[in-house]
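Below: one structure, written as structure tokens.
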Amino acid sequence: MSLFPVFLLGLICLGLCLLAYMFSPKGSDQTLWRSSLIITFICLYSMWAITYMAQLNPLIAPRRSDLRPEHFSGGHH
């Protein structure tokens, strides 16, 4: 796992935001459409990026429960 997907999907999200800005329906609600779509894409990306990056450096390290107690500390007494 690396940071490359974070940047790649960030660029894709930026592209989707630009498309939403350019191709939002014309009319009196155009600003509402633009802001709603752009905020949606940014929120989706933010939640994905936070979840992905949290897995790169977890706060809690997994521990095996099937080892004997003398192996918990690396076998050194």
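All letters in the sequence shown, in the order written, are residues 196 to 272 by this note's numbering.
Even for Gly, the Cβ is constructed at its ideal location relative to N, Cα and C.
Please read all numbers here as calculations on a predicted model, not as lab measurements.
Item: Quick one: give me the first and last residue of the alpha helix (DSSP H) that Phe202 is part of.; Value: Phe199 to Met217
Item: Relative to the C-alpha of Leu227, which candidate in Ile237, Ala215 and Cys238 has its C-alpha closest?; Value: Ala215
Item: In this structure, how does DSSP classify Ser260 when only helix, strand and coil are distinguished?; Value: coil
Item: Using the C-alpha atoms, what's the distance from Trp243 back to Gln250?; Value: 11 Å
Item: What is the rounded straight-line gap between the Cα of Tyr240 and the Cα of Leu254?; Value: 22 Å
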